[in-house]
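Student:
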Amino acid sequence: MIKLKFEYDRESNWLYIKPFEKKHKSLELLSGKNWYSEDLKEDIKWTNQCKAGIFSDEDGNDGFDIGFEYSPGIITVFNDIGAFVTGQYNDKEYLTLSFDEVLDILHQMSIFLKSIGK
73 MIKLKFEYDR ESNWLYIKPF EKKHKSLELL SGKNWYSEDL KEDIKWTNQC
123 KAGIFSDEDG NDGFDIGFEY SPGIITVFND IGAFVTGQYN DKEYLTLSFD
173 EVLDILHQMS IFLKSIGK
(Lines of atoms letter the chains of each structure in order from A; the text may use other names.)
(Lines give C-alpha, C1' and ligand atoms only; values in the text may rest on other atoms or scores of the structure.)
Protein backbone atom coordinates (compact mmCIF):
# COMPACT_ATOMS: atom_id res chain seq x y z
CA MET A 73 0.00 0.00 0.00
CA ILE A 74 1.26 3.44 -0.93
CA LYS A 75 0.58 5.80 1.94
CA LEU A 76 -0.94 9.06 0.66
CA LYS A 77 -2.21 12.25 2.25
CA PHE A 78 -4.91 14.27 0.51
CA GLU A 79 -5.79 17.94 0.91
CA TYR A 80 -8.53 19.80 -0.87
CA ASP A 81 -8.77 23.54 -1.49
CA ARG A 82 -12.46 24.36 -1.99
CA GLU A 83 -11.72 27.84 -3.33
CA SER A 84 -9.62 26.62 -6.24
CA ASN A 85 -11.22 23.13 -6.50
CA TRP A 86 -7.69 21.69 -6.28
CA LEU A 87 -6.96 18.23 -4.88
CA TYR A 88 -3.42 17.86 -3.51
CA ILE A 89 -1.91 14.39 -3.37
CA LYS A 90 1.06 14.04 -1.04
CA PRO A 91 2.89 10.72 -0.73
CA PHE A 92 4.65 9.97 2.55
CA GLU A 93 7.63 8.23 0.93
CA LYS A 94 10.10 10.13 -1.24
CA LYS A 95 10.22 7.34 -3.85
CA HIS A 96 6.54 8.06 -4.64
CA LYS A 97 7.02 11.85 -4.92
CA SER A 98 6.01 11.88 -8.60
CA LEU A 99 2.45 10.98 -7.56
CA GLU A 100 2.15 14.62 -6.45
CA LEU A 101 1.81 15.40 -10.17
CA LEU A 102 -1.66 13.84 -10.12
CA SER A 103 -2.80 16.76 -7.99
CA GLY A 104 -5.27 18.88 -9.87
CA LYS A 105 -8.79 20.10 -10.47
CA ASN A 106 -11.89 18.18 -11.43
CA TRP A 107 -11.25 14.90 -9.62
CA TYR A 108 -14.57 13.23 -8.73
CA SER A 109 -15.12 9.87 -7.05
CA GLU A 110 -17.68 8.86 -9.69
CA ASP A 111 -15.13 9.33 -12.49
CA LEU A 112 -12.64 7.01 -10.79
CA LYS A 113 -15.00 4.03 -11.22
CA GLU A 114 -14.06 3.77 -14.90
CA ASP A 115 -10.32 3.98 -14.11
CA ILE A 116 -10.75 1.19 -11.53
CA LYS A 117 -12.68 -0.95 -14.05
CA TRP A 118 -10.04 -0.40 -16.75
CA THR A 119 -7.15 -1.11 -14.36
CA ASN A 120 -8.78 -4.42 -13.46
CA GLN A 121 -9.13 -5.19 -17.18
CA CYS A 122 -5.43 -4.41 -17.73
CA LYS A 123 -4.54 -6.63 -14.79
CA ALA A 124 -6.46 -9.45 -16.50
CA GLY A 125 -4.80 -8.59 -19.82
CA ILE A 126 -8.09 -7.85 -21.60
CA PHE A 127 -8.24 -4.04 -21.85
CA SER A 128 -8.80 -2.62 -25.32
CA ASP A 129 -10.30 0.79 -26.11
CA GLU A 130 -12.21 1.83 -29.22
CA ASP A 131 -8.90 2.47 -31.03
CA GLY A 132 -7.44 -0.92 -30.11
CA ASN A 133 -5.00 0.46 -27.53
CA ASP A 134 -3.91 -1.96 -24.82
CA GLY A 135 -3.50 0.71 -22.17
CA PHE A 136 -4.91 3.99 -20.88
CA ASP A 137 -3.96 7.11 -18.93
CA ILE A 138 -5.20 8.13 -15.51
CA GLY A 139 -5.21 11.90 -15.23
CA PHE A 140 -6.33 14.71 -17.43
CA GLU A 141 -5.46 15.79 -20.92
CA TYR A 142 -2.45 18.12 -20.90
CA SER A 143 -1.59 17.00 -17.37
CA PRO A 144 2.16 16.74 -16.76
CA GLY A 145 1.68 13.87 -14.38
CA ILE A 146 -0.43 10.90 -15.31
CA ILE A 147 -0.32 7.19 -14.65
CA THR A 148 -0.22 5.07 -17.78
CA VAL A 149 -1.54 1.52 -17.33
CA PHE A 150 -0.89 -1.31 -19.81
CA ASN A 151 -2.19 -4.86 -20.18
CA ASP A 152 0.01 -7.42 -18.43
CA ILE A 153 2.82 -4.91 -17.77
CA GLY A 154 1.60 -2.68 -14.97
CA ALA A 155 1.86 1.07 -14.83
CA PHE A 156 4.26 3.97 -14.72
CA VAL A 157 4.03 7.66 -13.86
CA THR A 158 4.94 10.02 -16.71
CA GLY A 159 5.98 13.65 -16.41
CA GLN A 160 8.12 13.03 -13.37
CA TYR A 161 10.62 15.36 -11.78
CA ASN A 162 13.41 13.05 -12.92
CA ASP A 163 12.75 11.88 -16.48
CA LYS A 164 15.60 9.36 -16.39
CA GLU A 165 13.64 6.77 -14.46
CA TYR A 166 9.88 6.45 -14.28
CA LEU A 167 8.12 5.34 -11.12
CA THR A 168 6.66 1.94 -11.92
CA LEU A 169 3.55 0.68 -10.19
CA SER A 170 1.90 -2.72 -9.91
CA PHE A 171 -1.77 -3.07 -10.79
CA ASP A 172 -2.56 -3.46 -7.09
CA GLU A 173 -0.72 -0.22 -6.27
CA VAL A 174 -2.70 1.64 -8.97
CA LEU A 175 -5.96 0.20 -7.61
CA ASP A 176 -4.93 1.19 -4.09
CA ILE A 177 -4.22 4.78 -5.18
CA LEU A 178 -7.57 5.01 -6.96
CA HIS A 179 -9.44 3.56 -3.97
CA GLN A 180 -7.74 5.98 -1.57
CA MET A 181 -8.61 8.91 -3.85
CA SER A 182 -12.20 7.74 -4.18
CA ILE A 183 -12.67 7.41 -0.41
CA PHE A 184 -11.22 10.89 0.18
CA LEU A 185 -13.28 12.50 -2.58
CA LYS A 186 -16.49 10.92 -1.26
CA SER A 187 -15.64 12.21 2.23
CA ILE A 188 -15.59 15.79 0.91
CA GLY A 189 -18.71 15.36 -1.24
CA LYS A 190 -17.03 15.07 -4.62
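Here the sequence shown stands for residues 73 to 190, where the numbers follow our numbering. Every residue gets a Cβ at the ideal spot worked out from N, C-alpha and C, and that includes glycine. From a predicted model like this one, the values you see are computed outputs, not experimental measurements.
(1) Name the two residues that bound the continuous beta strand (DSSP E) containing D172.
(2) Spatial neighbours of S128 within its chain, please: CB distance less than 7 Å, with the 5 preceding and 5 following residues excluded, ordered by chain position.
(3) Give the DSSP-derived three-state secondary structure of K123 in the structure shown.
(4) Starting from T148, trace the beta strand (DSSP E) both ways and give me its first and last residue.
(5) Provide the residue span of the beta strand (DSSP E) that contains F136, from first to last.
(6) Quick one, which of L87, H96, F78, Y80 has its alpha-carbon nearest S170's?
(7) The beta strand (DSSP E) with S153 in it runs from where to where?
(8) Between K94, W107, L101, which has its C-alpha nearest R82's C-alpha?
Tutor: For this structure:
(1) Run containing D172: none in the beta strand (DSSP E); it sits in the alpha helix (DSSP H), 171-187.
(2) D134
(3) helix
(4) 147-150
(5) 135-138
(6) H96
(7) Note that residue 153 is Ile in the sequence shown, not Ser. It is not in any beta strand (DSSP E) - I153 carries neither H nor E in the DSSP assignment.
(8) W107
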